[in-house]
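Protein chains: 2
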Amino acid sequence: MALPWLLSLRKVDIFCSPMSGRLYSVLRSHSSAGVRSCDALVYRTRGHPREVLSMENVVLPHVHETDVRIKMLAAPINPADINMIEGTYALLPTLPAVGGNEGMGEVIEVGRNVLDLKPGDWVIPVDAGFGTWRTEAVCKASEVMLVSKDIPLLSAATIGVNPCTAYRLLMDFETLMSGDTVIQNGANSAVGQAVIQIAASMGLKTINVIRDRPNVKDLMETLHSIGADWVLTEETLNNSKMADLFRGVPKPKLALNCVGGHSAGNLLKHIECGGTMVTYGAMARKPMQLPAKHLIFDDIKIRGFWMTRWKKENKKDLRKFNTMVSLLSEMVRKGKLTAPICTPVPLHDYKVALEDLTSTNGRKYMLIMD
Amino acid sequence: MALPWLLSLRKVDIFCSPMSGRLYSVLRSHSSAGVRSCDALVYRTRGHPREVLSMENVVLPHVHETDVRIKMLAAPINPADINMIEGTYALLPTLPAVGGNEGMGEVIEVGRNVLDLKPGDWVIPVDAGFGTWRTEAVCKASEVMLVSKDIPLLSAATIGVNPCTAYRLLMDFETLMSGDTVIQNGANSAVGQAVIQIAASMGLKTINVIRDRPNVKDLMETLHSIGADWVLTEETLNNSKMADLFRGVPKPKLALNCVGGHSAGNLLKHIECGGTMVTYGAMARKPMQLPAKHLIFDDIKIRGFWMTRWKKENKKDLRKFNTMVSLLSEMVRKGKLTAPICTPVPLHDYKVALEDLTSTNGRKYMLIMD
Chain A
1 MALPWLLSLR KVDIFCSPMS GRLYSVLRSH SSAGVRSCDA LVYRTRGHPR
51 EVLSMENVVL PHVHETDVRI KMLAAPINPA DINMIEGTYA LLPTLPAVGG
101 NEGMGEVIEV GRNVLDLKPG DWVIPVDAGF GTWRTEAVCK ASEVMLVSKD
151 IPLLSAATIG VNPCTAYRLL MDFETLMSGD TVIQNGANSA VGQAVIQIAA
201 SMGLKTINVI RDRPNVKDLM ETLHSIGADW VLTEETLNNS KMADLFRGVP
251 KPKLALNCVG GHSAGNLLKH IECGGTMVTY GAMARKPMQL PAKHLIFDDI
301 KIRGFWMTRW KKENKKDLRK FNTMVSLLSE MVRKGKLTAP ICTPVPLHDY
351 KVALEDLTST NGRKYMLIMD
Chain B
1001 MALPWLLSLR KVDIFCSPMS GRLYSVLRSH SSAGVRSCDA LVYRTRGHPR
1051 EVLSMENVVL PHVHETDVRI KMLAAPINPA DINMIEGTYA LLPTLPAVGG
1101 NEGMGEVIEV GRNVLDLKPG DWVIPVDAGF GTWRTEAVCK ASEVMLVSKD
1151 IPLLSAATIG VNPCTAYRLL MDFETLMSGD TVIQNGANSA VGQAVIQIAA
1201 SMGLKTINVI RDRPNVKDLM ETLHSIGADW VLTEETLNNS KMADLFRGVP
1251 KPKLALNCVG GHSAGNLLKH IECGGTMVTY GAMARKPMQL PAKHLIFDDI
1301 KIRGFWMTRW KKENKKDLRK FNTMVSLLSE MVRKGKLTAP ICTPVPLHDY
1351 KVALEDLTST NGRKYMLIMD
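Chains A and B are the protein sequences, given in the same order. Numbering-wise (the numbering used here), the first sequence opens with residue 1 and increments by one. Numbering-wise (the numbering used here), the second sequence opens with residue 1001 and increments by one.
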């Protein structure tokens, strides 16, 4: 598990490189020659981000032979980041920690043994737990991965987790052929938007379920504009209109669930016999309500997916991850994959985003390091 | 789908052989030479068994070249039989129909082209939907399967569905080795009892969950006596005592759920990472309540099993089914597998069993054809 590399405490600055296990203690003396610092959103106890996160100036460690120093450029606020700060996530960094798992930065300094990265390169974290909500970071070169500079900054900052999750969801559970159908709830989530676009590029049809809301028609239009074949509300999913829909399109072999509660059960009943429902989130924060008959009589399989576990399982050979990111970058270049719809906020105005976390407008924020 | 072979209507007797598609209409004239009849528990509409089942005298078809005539000896009342009569099962015979899917009979007459069965043989239905609650039956020889006569009658009458289900649950989802643990709810069900015994013979440890009830200690003792390692109530499953248990035994790779509701979620949280929960029943008649985190973070797989589907998938070559029944019969002979604890009731006293269907004593009835 990657830990935050450096954190300022009251009297002593502690920074650690999780990959090497090195742990430093440095007197807080920012004026000392050669000691660099950065701003970071730090939490020292677990709880609601609004209450536990604060902007701190933290010391950066020296750039050793195999290290890189990165100027962070952008980092999204994802649901997993919030769960991690609250302490409800399966992967919890030792406190104090810096928030944020996903993001993108530019290399500004490399250790003398670093051959595969150079100043000016764009990089993203390899693992979860990086602590991306900061202006700068020093880490092992092996902890980051090169991304192409010819894609938009916001795409680069959001390519390493959500589109990768979407890609694996579509690739790893069912053998899907052009013309097959995929159904998903939470279709307006970052993963959901990537699923729509990657599925469209594979010739798959998507049935996209969203919660009803005041601006539902606008959202439906937006999702259609990125390639959604059908967009419908949870209420429609539960009524007889679905029978009409399935007269014109094959029942889905694959269902993707990031909501849980009754929504998961509503997806389940529309899956083709022998198909799979994959759960990768629990936005409703309620247990999935699943009628057993679909498993018993229709042989529906229910699985879970966690990108962090996938990365761990594929850590020894990063080529698979690299290839996937290259493929997704190519989709971005071709205009087939866009960054999720999000609201940019300067890092130092992070409170604007945190204030809005509990609202149900589904707005996604992107911290921009100015 | 197997249909009931023969049913008496008011003026005309209709009987059909589902395998051949033959349909006969015979005037109701039981005194006619050569026309045999039998008693059968018939339902003409779907509903509560107590309200829709009645004993009728129905005409038996002539025994053709490839047919057999069977004197039924014993047939259990299983939950699936009830669901089928109520109309909530996935496989519903055309009405009117005879109740009962499992049972055993003795061959008393064979058609001249039947070479692999002879009078005196014991047979069980190959498929679900046989209609076993009757005194006699005529069917294609291929619709029944020989069972050994050197096992007790009640074991033979209950070997074709529940022990087979238990065997497949233990064989088809996880590779279990001696010393591994299996957890199950509804452990006192017919399948549950077979799981305990088959698992014990494989060197597996079983954690058996039952509902609390007035005679819970007696039931615990009974399950221990057939080989259960641990027997505990749903309440215990949900408390801190489980941590103590798992200090001495590995966490289960396999969980078997026939209850649903919260019980399914309670099983889920004790499964070893990467393990599987298989659902084969829904006794609580409530959707499974499953926290997503176990799927996402622990990679727990959730599957369903239906013996009827397994039989259908293995219908072309009955050797696999035959081998399984022979193996289970051998276990019975060795005293390692007993018939489920049940209360015998003469077929004509069937109302005694039906009156008790809604009670929660968990009593299982076996209809005996006198």
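All C-beta atoms, glycine included, are put in the ideal place defined by N, C-alpha and C. Because the structure is a prediction, the values reported are computed rather than measured.
Query, Result
"So with CB distances below 7 angstroms, who are the chain B contacts of residue 175/A?", "Under the 7 angstroms cutoff, chain B gives no residues; its nearest Cβ is about 18 angstroms from residue 175/A."
"Residue range of the beta strand (DSSP E) that residue 73/A falls in?", "67-76"
"Using a Cβ cut-off of 8 angstroms, pull out every chain B residue sitting near residue 300/A, in sequence order please.", "1304"
"Is it right to say residue 1134/B is buried, meaning 16 or more other beta carbons lie within 10 angstroms of its own, or is it exposed?", "buried"
"Figure out for me which residue from 1207/B, 1286/B and 1226/B has the closest Cα to the Cα of residue 1261/B.", "1286/B"
"What three-state label does DSSP hand residue 1210/B in the structure shown?", "strand"
"Which residues in chain A have a C-beta closer than 7 angstroms to the C-beta of residue 1280/B? List them in chain order.", "296"
"Consult DSSP for residue 1105/B and reduce its assignment to one of helix, strand or coil.", "strand"
"Quick check on residue 1287/B - is its C-beta less than 8 angstroms from some C-beta in chain A?", "yes"
"Run through DSSP, which three-state label would residue 49/A get?", "helix"
"Give the interface partners of residue 309/A over in chain B, defined as CB-CB distance under 8 angstroms, in chain order.", "1297 and 1299"
"Would you call the region 1249-1265 of chain B and the region 1274-1283 of chain B touching, i.e. three or more CB-CB distances under 8 angstroms?", "yes"
"Residue 1094/B: buried (16+ other C-beta within 10 angstroms of its C-beta) or exposed?", "exposed"
"Classify residue 102/A as buried or exposed, calling it buried when 16 or more other Cβ atoms lie within 10 Å of its own Cβ.", "buried"
"For my contact list, residue 160/A and residue 124/A are in at a C-beta cut-off of 8 angstroms; report their separation, rounded to the angstrom.", "4 angstroms"
"Which whole-angstrom value is the C-beta distance of residue 336/A and residue 197/A, which I expect to be below 8 angstroms?", "6 angstroms"
"So which residues of chain A does residue 1293/B contact, with C-beta pairs closer than 8 angstroms?", "90 and 282"
"Taking only beta-carbon positions, decide if residue 1363/B is within less than 8 angstroms of chain A.", "no"
"For chain B, check one thing: does any of its Cβ atoms lie closer than 8 angstroms to the Cβ of residue 254/A?", "no"
"Give the residues of chain B in contact with residue 260/A, contact being defined as C-beta atoms less than 9 angstroms apart.", "1290, 1291 and 1292"
"Tell me the DSSP secondary structure of residue 1060/B in three-state form.", "strand"
"Spell out the partners DSSP gives residue 257/A in its beta bridges.", "279/A"
"Would you list the residues sitting across from residue 368/A in a DSSP beta bridge?", "74/A and 346/A"
"Taking only runs that begin and end inside the region 1100-1152 of chain B, name each unbroken beta strand (DSSP E) of 3 or more residues, in chain order.", "1104-1110, 1122-1125, 1136-1140 and 1144-1147"
"Please confirm whether residue 1192/B has its beta-carbon closer than 8 angstroms to some beta-carbon of chain A.", "no"
"For the beta strand (DSSP E) that residue 395/A lies in, which residues bound it at each end?", "This structure gives no information on residue 395/A, because the portion of chain A shown stretches from 1 to 370."
"In this structure, how does DSSP classify residue 1081/B when only helix, strand and coil are distinguished?", "helix"
"Give every residue of the same chain whose Cβ lies closer than 6 angstroms to the Cβ of residue 119/A, excluding the five residues on either side of it in the sequence, and list them in chain order.", "107 and 108"
"Between the region 1335-1351 of chain B and chain A, which residues of the former have a C-beta closer than 8 angstroms to a C-beta of the latter?", "none"
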